[in-house]
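Worksheet for the structure shown next.
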Amino acid sequence: MQSTRTLTDKLFLILKGLGMGAANKVPGVSGGVVAFVAGFYEEFIHSLKRVNVTAFKLFFNGRFKSFFYYINGRFLSLLFFGMLVSYFSVSKILDYFIKHYELYVWSVFFGMIIGSIYYISKDFKDWKITTYVALLIGALIGISISFLDPAMENDNLWFVFLCGIISVSGMTLPGFSGSFILILLGNYVLLLVDSVNALFDTFYEILGGNFSFINNTERVRMLKVLFVFTLGSVVGLVSFSHILSYILKHYKSVTTASIIGFIVGSLGVVWPWKETIFKTNNLGVKSLDSGGKHIIENYKRFIPELNTETFIAIFYIIAGIAIVLGLEWYGRKTRQTHA
Numbered sequence: 027m028q029s030t031r032t033l034t035d036k037l038f039l040i041l042k043g044l045g046m047g048a049a050n051k052v053p054g055v056s057g058g059v060v061a062f063v064a065g066f067y068e069e070f071i072h073s074l075k076r077v078n079v080t081a082f083k084l085f086f087n088g089r090f091k092s093f094f095y096y097i098n099g100r101f102l103s104l105l106f107f108g109m110l111v112s113y114f115s116v117s118k119i120l121d122y123f124i125k126h127y128e129l130y131v132w133s134v135f136f137g138m139i140i141g142s143i144y145y146i147s148k149d150f151k152d153w154k155i156t157t158y159v160a161l162l163i164g165a166l167i168g169i170s171i172s173f174l175d176p177a178m179e180n181d182n183l184w185f186v187f188l189c190g191i192i193s194v195s196g197m198t199l200p201g202f203s204g205s206f207i208l209i210l211l212g213n214y215v216l217l218l219v220d221s222v223n224a225l226f227d228t229f230y231e232i233l234g235g236n237f238s239f240i241n242n243t244e245r246v247r248m249l250k251v252l253f254v255f256t257l258g259s260v261v262g263l264v265s266f267s268h269i270l271s272y273i274l275k276h277y278k279s280v281t282t283a284s285i286i287g288f289i290v291g292s293l294g295v296v297w298p299w300k301e302t303i304f305k306t307n308n309l310g311v312k313s314l315d316s317g318g319k320h321i322i323e324n325y326k327r328f329i330p331e332l333n334t335e336t337f338i339a340i341f342y343i344i345a346g347i348a349i350v351l352g353l354e355w356y357g358r359k360t361r362q363t364h365a
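Under my numbering, think of the first position of the sequence shown as 27, with each following residue one higher.
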């Protein structure tokens, strides 16, 4: 199953992992879109599908090389390595830019989503009643989700496990933002900011020979929450991949139309001229709120003021479209090379 990849291919695969990791952390943006546009979505889903009973038998029988080959391990390991690096580097950089240059960051993502819609739909020819209905349903679901109000933070471990299963959908279903779902569930800051920072701080202390975190009750709680969330994400990732692999095989046209609809519906979430605010819950914990009535209010300002900042934002929208088209060009070139 594993194809021969050059060093350049491997480096680009890590970069794609970086892109997926960063996209998964941004509310309204789906890591699955990166996989879809970059041309490795079906390989990604098919590889995850191979994590099954046969794979576990190979692993527990000590046939590690066969296990690695069976699950397309070289592909998955490079991709997940990029995602892991992203969570501790690119994501922090992204957090900084969202805080200080929010309009321009959202402009880039808005452009990337427009480019993704163009990319996915340009070669789709199977338009009929069923695919039009799938497109409409996908768009309505995407739009409806953006109007929901966030819940309060909840660190119950069973709920955290469920959050992991649900949030990972953004990696497997293009246009469906797992991080935005976490906002609606009230656990975005807890699971993608506080717990990740706790792990980063723990690694830093361990490297310095400091193991005092063991006596830090709050740190241990955060690490426990992150572990359960990760476990839920793995279960969700493997489960969704099996379901999507079956759907893509038997209902590819309807699925593709639904994906286009999801992505169209997500445009409201990443509209650049919206306000992203932090609201404090009754426990004094801040949670990110980019949805609900705040997006509706900004629809009233659909045409922004014509000033220098707006023109710069428009430039970044165009840059976002160019990034997607560049990924499309590279993905097409790669597929031709390996054909």
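The beta carbon of each residue, even a glycine, is placed where N, CA and C say it ideally should be.
The closest CA to that of L74, considering only K51, F85, T198, is found on T198. Here E69 carries a helix assignment [DSSP, helix/strand/coil]. Under a 10 Å Cβ-count criterion, K51 is classified as buried, with 16 or more other Cβ atoms of the shown protein chains found around its own Cβ. Secondary structure of S265 (DSSP, three-state): helix. Rounded to whole angstroms, the separation of the alpha carbons of K154 and F226 is 50 Å. Taking a contact to require three or more Cβ pairs closer than 8 Å, the region 287 to 294 and the region 156 to 175 qualify as touching. Secondary structure of S56 (DSSP, three-state): coil. Take I207, set aside five residues on each side of it, and the residues of its chain with a beta-carbon closer than 6 Å to its own are I192, S193, in chain order.
For K278, the enclosing alpha helix (DSSP H) covers residues 278 to 291. Counting only runs of 4+ residues, the alpha helix (DSSP H) found wholly inside the region 168 to 212 occupies 183 to 193, 195 to 198, 204 to 211, in chain order. Here G234 carries a coil assignment [DSSP, helix/strand/coil].
Secondary structure at A64: coil, using DSSP grouped into helix, strand and coil.
Relative to the Cα of H268, the nearest Cα in the group L37, F101, V77, T34 belongs to V77. In this structure the region 104 to 119 does not lie against the region 239 to 256, because fewer than three pairs of beta carbons, one per stretch, are closer than 8 Å.
Sixteen is the threshold: since fewer than 16 other Cβ atoms of the shown chains lie within 10 Å of the Cβ of W184, the residue is exposed. Spatial neighbours of L263 in its own chain (CB-CB distance under 8 Å, excluding positions within 5 residues in sequence) are listed in chain order as L74, V194, M197, T198. With contact defined as three or more Cβ pairs closer than 8 Å, the region 221 to 236 and the region 155 to 163 are not in contact.
In this structure, Y96 places its C-beta atom within 8 Å of the C-beta atom of T80. In the three-state reduction of the DSSP assignment, V77 falls in the coil class.
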